Structures are given as structure tokens and as C-alpha cells.
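Right, one structure below, let's go through it.
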Amino acid sequence: MTSPPQPAVCGSRQILDPEQLSNPEWQRRAARNEVVGPWAELGLAEDAIERLLHATVGELGASPSLAVEHAEFTHYGSGYASFVDVMITRQEGSQRTHRPNGYVTTHGLTLLLCRLAPIAAPATDAEHGRGPSGNAHRSVPNSASLAPLPVPDWEQESHAITAVLDRFGIVLLNPGVLRRPAHPDISVDTDLSGPGKGFDLFDVWFHWTD
Numbered sequence: 000m001t002s003p004p005q006p007a008v009c010g011s012r013q014i015l016d017p018e019q020l021s022n023p024e025w026q027r028r029a030a031r032n033e034v035v036g037p038w039a040e041l042g043l044a045e046d047a048i049e050r051l052l053h054a055t056v057g058e059l060g061a062s063p064s065l066a067v068e069h070a071e072f073t074h075y076g077s078g079y080a081s082f083v084d085v086m087i088t089r090q091e092g093s094q095r096t097h098r099p100n101g102y103v104t105t106h107g108l109t110l111l112l113c114r115l116a117p118i119a120a121p122a123t124d125a126e127h128g129r130g131p132s133g134n135a136h137r138s139v140p141n142s143a144s145l146a147p148l149p150v151p152d153w154e155q156e157s158h159a160i161t162a163v164l165d166r167f168g169i170v171l172l173n174p175g176v177l178r179r180p181a182h183p184d185i186s187v188d189t190d191l192s193g194p195g196k197g198f199d200l201f202d203v204w205f206h207w208t209d
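Numbering of the sequence shown is given in numbering that gives the first Met the number 0, commencing with residue 0 and proceeding in unit increments.
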């Protein structure tokens with residue numbers, strides 16, 4: 000098991016107050032993909048944050064009750080994602096369906112790890128499929144699937160996730176916070192915003208464009 004970074008590296012106990020995410024200046028900087036909050040105060044650069052998030056995913060995968068089915072660090076292969084998309088399922092394999100043609104479908108939870116601040120957003124209804132030739136599909140997160148932890152029927156896994164994030168000083172956000180409207184002068188370049196709706200805090204902190 001890898002050891003988490005020392006507190007001074009991972010945001011330490013400078014725990015971010017979720018209410019700060021509504022700060023208009025923070026929102027403007029996040030929409031420009033700039034690091035804010037405790038990570039900015041510590042002077043963490045992009046490569047240091049990526050190492051921290053890799054270590055976080057490693058700790059999640061080392062938990063006895065969790066299996067990291069997939070962790071998307073490559074911005075979905077194109078564009079830019081302000082988060083790392085981590086799909087988590089049960090270690091014991093009950094959420095995997097093996098089809099006769101060799102295709103395996105896995106269901107679980109999504110954990111979005113923000114690259115801009117020490118925050119994370121959990122979501123339900125995650126799905127990942129992989130065929131014998133390596134072809135794969137996965138669900139893309141959106142604000143509609145956000146869910147508070149613990150998720151019903153996933154209590155043990157939810158508590159394991161929370162314990163890991165606590166060690167890294169990463170704050171799990173309540174969906175109600177992320178569904179608040181963004182500041183009216185904020186515009187975010189994202190493909191995850193629902194049609195016909197204005198920008199909300201989910202768009203500001205967890206955005207992706209192809």
C-alpha cells in the first residue's frame with residue numbers, strides 16, 4: 000500500500016469550506032482552469048496535483064472493500080477535463096456481469112476528483128464495459144447523477160471512500176452545493192452542461208470539453 004503524501008503536500012488540514020466555492024473570483028479562476036484554495040496557497044503545480052490524485056486513486060484501490068474499475072487521467076483522450084473520473088465498484092465482484100461473448104459490464108459509483116481544488120463529487124449509475132478485443136465504453140458524469148454519501152446499498156464502500164479522501168484532505172461535496180447557480184458573469188467551456196440550463200457550480204468545478 001502506498002503511503003499518502005505528508006499533510007503539507009496534500010492540502011493538509013487546511014480543509015476547504017464548501018461555501019468558498021461560490022466565491023466569484025474563485026469561480027472565474029476555476030473557469031480558466033486555474034488552481035485555487037489550499038492547493039494554490041501551497042503553490043502546488045499541475046504535476047504535483049496529478050501525483051497527489053494518482054496517490055489518492057492508489058489508496059482507493061488498496062482498500063479491502065473497493066476496486067477501481069477505471070480512472071480516467073487522460074481528459075477522455077481529448078480536450079480538457081478539470082477532474083479525474085474514477086469508477087469504483089465492489090472488490091468481491093458482484094457488480095460485474097460476464098456475457099457469453101466475453102463482454103464484461105461493471106456497475107458502481109463514480110468519484111470525480113477535481114484538479115483545481117481539493118474537492119470531490121460522488122455520483123451513482125456508473126457503468127463500464129469491456130470486450131475481449133479491448134473495446135470499451137463508460138458512462139460520462141453529469142450533475143443529474145450526483146449523490147450524497149453514503150449511497151444506499153453502498154454504505155461500506157461509501158465509508159471506505161470517505162476515509163481515503165479524509166486522509167488526503169479532499170472534501171466530498173453535497174450535490175446541493177454543486178447545483179447552485181454559478182455567478183451570472185461566469186461562462187464555462189463544457190460539454191457536460193445540460194441543454195437549455197444556465198451554468199451551475201458543477202459546471203464551474205467539474206467541466207470537460209472535447
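Even glycine gets a Cβ: it sits at the ideal position worked out from N, Cα and C. On a predicted model such as this, the values are computed, not experimentally measured, just so you know.
Q: Could you pull the start and end residues of the alpha helix (DSSP H) that His53 belongs to?
A: Translated into the one-based positions of the sequence shown, residue 53 becomes position 54. Per DSSP, the unbroken alpha helix (DSSP H) holding His53 starts and ends at 45–61.
Q) Straight-line CA distance for Asp184 to Trp207? A) Start at 1 with the first residue of the sequence shown, and residue 184 comes out as number 185. Start at 1 with the first residue of the sequence shown, and residue 207 comes out as number 208. Each residue's alpha carbon lies about 19 Å from the other.
**Q.** Burial state of Glu18, where buried means 16 or more other Cβ atoms lie within 10 Å
**A.** For this step, residue 18 is matched to residue 19 along the sequence shown. So Glu18 counts as exposed.
(Q) For a quick check, are the C-beta atoms of Val34 and Leu43 less than 9 Å apart? (A) Residue numbering aside, residue 34 sits at position 35 when the sequence shown is read from its first letter. Residue numbering aside, residue 43 sits at position 44 when the sequence shown is read from its first letter. Their beta carbons are under 9 Å apart, which means Val34 touches Leu43 by this criterion.
Q. For Tyr79, which residues does DSSP report across the bridge?
A. Numbered from 1 along the sequence shown, position 80 holds the residue referred to as residue 79. When beta bridges are read from the DSSP output, Tyr79 appears opposite Thr208.
Q: Could you tell me which residues DSSP pairs with Pro121 in its beta bridges?
A: Here residue 121 refers to the residue found at position 122 of the sequence shown. Beta-bridge pairing links Pro121 to Leu110.
Q | Collapsed DSSP secondary structure at Ala66 in the structure displayed | A | Sequence index remark: in the sequence shown, residue 66 carries index 67 (1-based). Here Ala66 sits in strand by DSSP.
**Q.** Collapsed DSSP secondary structure at Ile160 in the structure displayed
**A.** Residue numbering aside, residue 160 sits at position 161 when the sequence shown is read from its first letter. Three-state result, Ile160: helix.
(Q) Using a 10 Å radius around the Cβ and a threshold of 16 neighbouring Cβ atoms, would you call Arg89 buried or exposed? (A) Residue 89 sits at position 90 when you count from the first residue of the sequence shown. By the neighbour-count definition (other C-beta atoms within 10 Å, threshold 16), Arg89 is a buried residue.
(Q) For a test of the three-state rule: what should DSSP assign to His97, helix, strand or coil? (A) As a first step, residue 97 is located in the sequence shown; it is residue number 98 there, counting from the start. Note: His97 maps to strand in three-state DSSP.
Q) Can you pull the DSSP bridge partners for Ile169? A) For this step, residue 169 is matched to residue 170 along the sequence shown. According to DSSP, Ile169 bridges with nothing at all.
Q | 6 Å CB neighbourhood of Asn141 in its chain, flanking five on each side removed | A | By 1-based counting over the sequence shown, the position of residue 141 is 142. Only Leu191 meet the Cβ criterion.
Q. Between the beta-carbon of Ile169 and the beta-carbon of Leu115, is there less than 9 Å?
A. Indexing the sequence shown from 1 puts residue 169 at position 170. Indexing the sequence shown from 1 puts residue 115 at position 116. For Ile169 and Leu115, no; Cβs fall outside 9 Å.
Q.
Quick check on DSSP: helix, strand or coil for Val150?
A. The residue you call residue 150 lines up with position 151 of the sequence shown. In this structure, DSSP gives Val150 a state outside helix and strand, which the three-state scheme calls coil.
Q | Cβ-Cβ separation, Leu200 to Val263 (assumed contact under 8 Å), whole Å | A | Residue 263 lies beyond the range of the chain shown here (0 to 209); nothing can be said about it.
Q | Coil, strand or helix - Asp184 by DSSP | A | Numbered from 1 along the sequence shown, position 185 holds the residue referred to as residue 184. Note: Asp184 maps to coil in three-state DSSP.
(Q) Quick check: what's the CA-CA separation for Pro180 versus Ser77? (A) Taking the first residue of the sequence shown as 1, we reach residue 180 at position 181. Taking the first residue of the sequence shown as 1, we reach residue 77 at position 78. Distance between the alpha carbons of Pro180 and Ser77: 27 Å.
Q | Member of Phe82, Thr96, Gln155 whose CA lies at the smallest distance from the CA of Val203 | A | Within the sequence shown, numbered from 1, the residue matching residue 203 stands at position 204. The option with the nearest alpha carbon to Val203 is Phe82.
**Q.** Helix, strand or coil at Val35 [DSSP, three-state]
**A.** Residue 35 sits at position 36 when you count from the first residue of the sequence shown. Coil.
Q.
Beta-carbon within less than 6 Å of Trp25's beta-carbon, same chain only, minus the 5 sequence neighbours each way: which residues are those?
A. By one-based count along the sequence shown, residue 25 stands at place 26. Cβ within range, chain order: Val35.
Q: Please classify Ala214: is it buried, with 16 or more other beta-carbons within 10 angstroms of its beta-carbon, or exposed?
A: No answer is possible for residue 214: the residues shown for the chain start at 0 and end at 209.
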